[in-house]
Every structure is written in C-alpha cells, then in structure tokens.
Amino acid sequence: MTARLQTLIGGRWRDGSGPLYGTEYPADGSVVAELHAASVADADEAVQAAEAARHRPSWAGLKPHQRALLLHRMAAGIRDRAEELAQLQRLDNGKPISETRALVASAAGTFQYFAAACETLEDQVTPARGDYLTMSLHEPIGVVAAITPWNSPIASEAQKMAPALAAGCPVVIKPAEITPRMAIELARIGEAAGIPPGIISVLPGKGALLGDALVRHPLVKRVAFTGGTSVGLGIARIAAEKLMGVSLELGGKSPTIVCADADLDHAVAGVLFGIFSSSGESCIAGSRAFVHRSVHAAFRERLLAGAGALRLGDPALEATQMGPLVSGAHRESVERYVALGLAEGGQLLTGGARLAGSLYERGYYYPPTVIEGLPNGARMVQEEIFGPVLALLPWDDEAELIAQCNDNPYGLACGIWTRDYRRAWRLGAALQTGTVWVNTYKQFSSSTPFGGVKMSGTGREKGRLGILEYTTQKSYYWGLNEAPLPWSAA
Ligand code: NAD
0 MTARLQTLIG
10 GRWRDGSGPL
20 YGTEYPADGS
30 VVAELHAASV
40 ADADEAVQAA
50 EAARHRPSWA
60 GLKPHQRALL
70 LHRMAAGIRD
80 RAEELAQLQR
90 LDNGKPISET
100 RALVASAAGT
110 FQYFAAACET
120 LEDQVTPARG
130 DYLTMSLHEP
140 IGVVAAITPW
150 NSPIASEAQK
160 MAPALAAGCP
170 VVIKPAEITP
180 RMAIELARIG
190 EAAGIPPGII
200 SVLPGKGALL
210 GDALVRHPLV
220 KRVAFTGGTS
230 VGLGIARIAA
240 EKLMGVSLEL
250 GGKSPTIVCA
260 DADLDHAVAG
270 VLFGIFSSSG
280 ESCIAGSRAF
290 VHRSVHAAFR
300 ERLLAGAGAL
310 RLGDPALEAT
320 QMGPLVSGAH
330 RESVERYVAL
340 GLAEGGQLLT
350 GGARLAGSLY
360 ERGYYYPPTV
370 IEGLPNGARM
380 VQEEIFGPVL
390 ALLPWDDEAE
400 LIAQCNDNPY
410 GLACGIWTRD
420 YRRAWRLGAA
430 LQTGTVWVNT
440 YKQFSSSTPF
450 GGVKMSGTGR
460 EKGRLGILEY
470 TTQKSYYWGL
480 NEAPLPWSAA
C-alpha cells in the first residue's frame with residue numbers, strides 16, 4: 000500500500016509546495032510512499048520559522064537539563080516505535096531488517112548520548128592574566144541545515160539533529176529525495192516529545208534545489224552535510240563566501256590490511272563484513288583489501304567461500320545479510336565500475352553479474368563481487384563505488400603498503416588485522432585516515448568522534464565535542480580592578 004506523507008515545515012504539518020513524487024521499495028520497485036516535494040519558498044519559510052522559534056522563551060529559555068529532557072524523550076519515542084521505524088526504513092532504502100533495527104537503536108542511543116552530554120558540558124573559566132575574571136561560554140550558533148544521504152537515513156539524521164538540538168540550535172533537515180521517511184518520522188517524534196514548533200522542519204525533495212537554497216540562506220549559520228565529495232565541495236565553496244562553518248562527511252575508499260600474522264578467521268569475517276554489509280552502500284566500506292602475500296592464497300580461498308555463502312535476498316527476512324541496491328540507476332553505476340575494472344585488466348573472482356530468479360529480477364540486487372590483479376592506481380581501485388565490490392591486492396613490504404594505502408584521495412577509515420600490537424600502532428599512525436579499526440571493523444560508538452581527512456571531509460560528528468560544532472564561543476572579561484584603568488587615570 001502506498002502511504003501518503005506530509006511534512007513538517009515551520010511548525011505546520013502540510014504538503015510541500017513542490018511536485019508530487021513517489022519513493023520506491025528497492026526490493027521490488029513498488030511505490031511505497033507519495034509526497035509533495037518542498038519548494039525553495041518552503042525552505043525560506045522553514046528557516047525563518049526556525050530563526051523566530053529559537054529566540055522564543057519556549058526554546059531560548061530552556062536550561063541545558065531541560066533541553067536534555069526533550070532529547071531523552073526523543074530517544075524514548077524512537078524506542079517506543081523501534082520496530083515500526085525499522086520496517087519503514089527498510090521500505091525506504093531496501094536495507095535488511097536486521098540492519099535497519101540496528102540503525103534505529105543507534106539513533107535512539109545518539110539522542111540519549113547527546114542528552115547526557117548536553118547537561119554535563121561545561122564552559123570555561125580561563126586563567127586570568129590581569130585584574131579581571133575571564134570566561135568563555137558556548138552559545139548556539141543559529142539555524143542548522145542538516146543534509147543527509149539515502150544509505151542510513153535515521154542514523155545520519157540523528158547524528159546531526161541530536162547535537163544541534165543539544166547545543167540549542169533549530170534544525171532544518173533536507174533528507175535524500177528518495178529516502179524522506181525517517182526525517183519526517185523524527186520530526187513527528189520531536190513534536191510529541193515537546194520540541195517547540197519551528198525548531199524542527201523537514202524539506203523533502205531535490206538537493207540541487209533545496210539543499211542549495213539552505214546552504215545559501217543568510218539565516219543558516221551551519222551546514223552539517225553527509226553525502227558525496229563533489230556535492231560537499233560545492234557546499235564548502237558557498238560556505239566560504241558566507242564565512243559559515245560546515246561539517247562534511249563525504250566519501251571513502253578505505254583500505255583493510257591483512258598482515259601475515261593475522262587471525263584469519265577474524266580477518267576473513269571482518270573483511271567480508273567491511274565491504275559486503277549494507278551491500279557496500281557505506282562510506283566506510285572496506286573496499287580495498289591489502290593481504291600479505293604469504294597468506295594471500297589462504298585468505299582468498301576463505302574470502303571467496305565466505306562471499307559465496309552470504310545470504311543475499313529479501314530484506315524483510317531476519318536471516319538476510321545483503322538486500323538490493325538502493326535504485327536501478329545506482330546498480331547501473333556499480334555495474335559500470337565492475338566493467339571498468341575488468342577493462343583495466345582485473346580478474347573477476349566472484350560476482351560481477353546480476354542474478355537470475357524472480358526475486359532478484361524484481362529488485363535492484365547485485366551480488367558480492369571480488370576483483371584482483373589491479374594495481375592500486377587503477378580507477379576501479381581509486382574511486383568510490385558505493386556497492387559490494389572489493390579490490391583484492393597483495394602486499395610484501397610495509398613501507399610500500401603504507402604508500403599504497405595513502406595513495407588515494409580519500410581518508411575516512413582503515414582496518415588492520417594483526418596480532419602484533421606494535422605493528423598495528425605503527426600502521427595506524429602512518430595511515431591518513433579519520434578512523435582506525437584494529438582487529439575489528441565498522442564498529443561505532445556515539446562517544447567517539449567520527450569524520451574524515453583529505454577528500455573524505457572535515458569536522459567531526461559524535462563525541463562531546465560534536466555539540467561544540469554547533470556553538471560559537473563568546474568570551475567575557477569581568478573587571479575586578481579597584482582603581483580605574485590606567486588610561487582613564489592619565
Ligand atoms: P549526494 O551527495 O548525492 O546527496 C547527499 C544529500 O545532498 C542529499 O540529501 C541530496 O539531495 C543533497 N544534495 C545534492 N545536491 C546538493 C547541492 N547542490 N546542494 C546541497 N545539497 C545537495 O550523496 P548520496 O548519493 O545521497 O549518498 C552517497 C554518498 O554519501 C557517498 O559518496 C557516500 O560515501 C557518502 N556518505 C558519506 C558518509 C560519511 O559519514 N562520510 C556517510 C554516508 C554516505
């Protein structure tokens with residue numbers, strides 16, 4: 000059944016003033032929701048309403064522990080509807096239900112974490128260097144635009160909303176056009192939790208129109224963006240003109256390193272999970288596996304057996320590990336990369352072609368694919384595919400390995416599989432990356448900052464400092480001198 004959605008703009012549930020469009024269930028192409036896109040005028044209305052709402056006593060008058068209470072209620076609201084939200088998220092982007100349940104739990108955890116951080120964050124009394132008391136206070140920066148991609152909507156949106164609200168900022172969310180549902184549900188949960196009207200708005204529709212309008216809007220004081228690197232660079236350019244801060248969580252081409260002494264059971268499971276979970280539609284997908292030549296053959300054999308045993312299928316089933324890709328257009332882009340890799344001289348070890356059968360033919364499925372024989376410089380090994388495609392590369396020498404891992408425009412994450420903690424430390428220090436996973440992969444904690452270096456972005460989400468990204472510092476000097484300043488005494 001097709002759901003008819005409305006959205007929350009400036010405190011009012013209504014249709015956007017843009018065209019009606021439908022969103023598809025990637026597992027069978029059926030239209031699961033219809034809604035009107037927002038327009039540029041709606042974006043302006045949302046921002047103006049947010050600016051007005053943030054100054055009203057109902058929001059500006061809240062002490063941190065009172066804002067924290069609202070965030071705790073949001074966490075509880077998400078948990079109360081956890082199964083329903085997980086099912087809706089599955090319909091939105093086709094991820095397996097086991098994974099969407101984890102995303103919903105993570106979103107609730109994010110609100111809970113930032114509620115706690117909100118009421119325990121302290122300002123500073125700085126050491127005085129004269130007859131005055133100095134302090135530096137954090138103030139909410141103003142209206143925040145949160146722009147999110149389609150791959151993990153509820154988690155990405157929570158990671159922006161929770162710290163922004165904790166900091167005292169209103170949030171206008173621009174979800175990916177094809178996955179608007181979770182942002183709309185979070186707005187509903189926020190309203191039920193008691194977040195005042197105007198503090199949360201959601202603008203479904205086209206990024207080039209609405210995202211752009213938000214980034215350029217003079218009252219938007221910070222953009223928190225997750226998405227592709229080229230869009231992120233465009234946002235950074237516009238932000239520079241406004242002298243506006245941005246956090247950019249962008250793409251990746253993360254290396255995973257398997258050393259000669261690695262526990263191969265762990266390494267094989269970790270590499271499979273790193274690239275094939277979420278069907279590879281993950282910024283942190285471990286898409287380049289560098290395996291020491293001494294264990295390469297054994298590793299490859301076990302990797303291929305593992306890839307062949309993965310359960311690719313109906314995302315509604317508990318046991319499914321990989322669902323369909325998000326859309327037909329995205330699957331075609333993945334297919335073009337596989338064709339490119341083969342044209343560049345790569346050898347296909349598994350996958351590489353659509354699967355037959357009624358289930359697979361209805362949805363946008365693509366099997367786990369492994370290609371070897373390509374140098375690190377090949378385009379297929381350098382560029383983000385955002386699909387279930389792994390490049391397998393042997394290595395011999397540690398210095399050469401480090402050079403190859405770093406020889407890539409991205410720097411989001413890496414995995415290191417070894418029993419030698421000194422080597423892990425050495426490699427971790429040498430790799431240009433935002434996150435290092437040692438003998439594990441794709442693990443996340445709300446309390447640990449996340450973000451990239453190089454073309455993977457700038458700024459950090461999560462962690463207590465994640466709140467400070469949404470604040471500006473104001474410093475006070477309180478004069479304690481008994482006599483007038485020497486100038487006036489002159
Ligand atoms: P995308 O960049 O196409 O879109 C992301 C969001 O930006 C969407 O809401 C889109 O509508 C909006 N947008 C598009 N054009 C815009 C513009 N000109 N101005 C403002 N907003 C605009 O990315 P996508 O295809 O939705 O998602 C996939 C990408 O996201 C991948 O590159 C992936 O690596 C990246 N990603 C990064 C992280 C991370 O944390 N680093 C996490 C998930 C996804």
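Numbered by numbering that gives the first Met the number 0, the letters in the sequence shown go through residues 0 to 489 in order.
Glycine included, each C-beta is placed from N, C-alpha and C at the ideal position.
None of the values given here were measured: they were computed from a predicted structure.
_Can you tell me whether residue 466 is helix, strand or coil according to DSSP?_
One-based indexing of the sequence shown puts residue 466 at position 467. Here residue 466 sits in helix by DSSP.
*Return yes when the C-beta of residue 205 is under 7 Å from any heavy atom of the ligand NAD, and no when it is not.*
Taking the first residue of the sequence shown as 1, we reach residue 205 at position 206. Yes, the Cβ of residue 205 comes within 7 Å of a heavy atom of the ligand NAD.
_beta-carbon residue 384 near the ligand NAD non-hydrogen atom, thresh 7 Å_ = By 1-based counting over the sequence shown, the position of residue 384 is 385. No.
*What are the start and end residues of the alpha helix (DSSP H) that includes residue 299?*
Mapped onto the sequence shown, residue 299 falls at position 300. First-last of the alpha helix (DSSP H) with residue 299: 292 to 308.
*Can you tell me which of 106, 54, 99 and 425 puts its alpha carbon nearest to the alpha carbon of residue 316?*
The residue given as residue 316 occupies position 317 in the sequence shown. Answer by Cα proximity: 99.
*Could you please give the first and the last residue of the uninterrupted alpha helix (DSSP H) stretch that includes residue 272?*
Residue numbering aside, residue 272 sits at position 273 when the sequence shown is read from its first letter. Its alpha helix (DSSP H) spans residues 263 to 275.
*If we ignore side chains and look at the alpha-carbon of each, how far apart do residue 206 and residue 75 end up?*
Reading the sequence shown from its first residue, position 207 is the one you call residue 206. Reading the sequence shown from its first residue, position 76 is the one you call residue 75. In a straight line, the C-alpha of residue 206 is about 31 Å away from that of residue 75.
_Validate contact between the segment 23 to 33 and the segment 323 to 341 using beta carbons, cut 8 Å, 3 pairs_ = yes
_Euclidean distance between Cα positions of residue 63 and residue 293_ = The residue given as residue 63 occupies position 64 in the sequence shown. The residue given as residue 293 occupies position 294 in the sequence shown. Linking residue 63 to residue 293 through their CA atoms gives a straight-line distance of about 56 Å.
*Taking buried to mean at least 16 other C-beta atoms within 10 Å of its own C-beta, is residue 167 buried or exposed?*
One-based indexing of the sequence shown puts residue 167 at position 168. With 16 or more other Cβ atoms within 10 Å, it is buried.
*Starting from the Cα of residue 231, find the closest Cα among 148, 136 and 413 and give me that residue.*
Along the sequence shown, read from residue 1 onward, the residue named residue 231 stands at position 232. With distances taken between Cα atoms, residue 231 lies closest to 148.
*Who are the Cβ neighbours of residue 194 in its own chain at under 8 Å, not counting the five residues just before and after it?*
Counting from 1 along the sequence shown, the entry for residue 194 is found at position 195. Counting only Cβ-Cβ distances below 8 Å, and skipping sequence neighbours, we find 69, 73 and 164.
_For residue 247 and residue 161, I'd like the C-alpha separation in whole angstroms._
Position 248 of the sequence shown, counted from the start, is the residue given in the question as residue 247. Position 162 of the sequence shown, counted from the start, is the residue given in the question as residue 161. One C-alpha to the other measures close to 17 Å.
*Rounded C-beta distance between residue 414 and residue 269? I'm assuming under 8 Å.*
For the purposes of this step, residue 414 is taken as residue 415 along the sequence shown, with counting starting at 1. For the purposes of this step, residue 269 is taken as residue 270 along the sequence shown, with counting starting at 1. Yes, residue 414 and residue 269 are in contact; Cβ-Cβ is about 6 Å, under 8 Å.
_Three Cβ pairs or more, each shorter than 8 Å: is that satisfied between the segment 429 to 446 and the segment 297 to 312?_
no
*Got a sec? Which residues, its chain only, sit under 7 Å from residue 343 by beta carbon, not counting five neighbours each side?*
Counting from one through the sequence shown, the residue named residue 343 turns up at place 344. Contacts found: 373, 377, 378 and 379.
_residue 13, buried or exposed, once every other Cβ within 10 Å from all chains shown has been counted against 16_ = Start at 1 with the first residue of the sequence shown, and residue 13 comes out as number 14. So residue 13 ends up on the exposed side.
*From 212, 278, 249 and 259, pick the residue whose C-alpha is nearest to that of residue 237; which is it?*
Taking the sequence shown and counting its residues from 1, the one referred to as residue 237 is at position 238. Nearest C-alpha to residue 237: 212.
*asked:* Taking contact to mean 3 or more Cβ pairs, one atom from each stretch, closer than 8 Å, check whether the segment 130 to 137 and the segment 450 to 462 are in contact.
replied: no
*CB-CB under 8 Å to residue 156, same chain, minus the five flanking residues each way: which ones, in chain order?*
Here residue 156 is taken as the residue at index 157 of the sequence shown, counted from 1. Result list for residue 156: 106, 145, 147, 172, 174, 181, 182 and 185, in chain order.
*asked:* In the DSSP assignment, the beta strand (DSSP E) including residue 490 goes from what residue to what residue?
replied: Residue 490 cannot be examined here, being either before or after the span of the chain that is shown, 0 to 489.
*asked:* Short of 8 Å in beta carbon distance, which residues of its chain neighbour residue 188, apart from the five on each side in sequence? Order them along the chain.
replied: Counting from 1 along the sequence shown, the entry for residue 188 is found at position 189. Around residue 188: 73, 76, 77 and 80.
*Rounded separation between residue 331 and residue 116 - CA only*: One-based indexing of the sequence shown puts residue 331 at position 332. One-based indexing of the sequence shown puts residue 116 at position 117. Answer to the nearest angstrom: the Cα atoms are 43 Å apart.
*Is it the case that the CB of residue 414 approaches a heavy atom of the ligand NAD more closely than 7 Å?*
For the purposes of this step, residue 414 is taken as the residue at position 415 of the sequence shown. No, the beta carbon of residue 414 sits no closer than 7 Å to any heavy atom of the ligand NAD.
_For a quick check, are the C-beta atoms of residue 265 and residue 394 less than 8 Å apart?_
Position 266 of the sequence shown, counted from the start, is the residue given in the question as residue 265. Position 395 of the sequence shown, counted from the start, is the residue given in the question as residue 394. If you check the CB distance, residue 265 and residue 394 do not come in under 8 Å.
*Could you tell me whether any non-hydrogen atom of the ligand NAD is closer than 7 Å to the CB of residue 455?*
In the sequence shown, counting from the first residue as 1, residue 455 sits at position 456. Correct: residue 455 has its Cβ closer than 7 Å to the ligand NAD.
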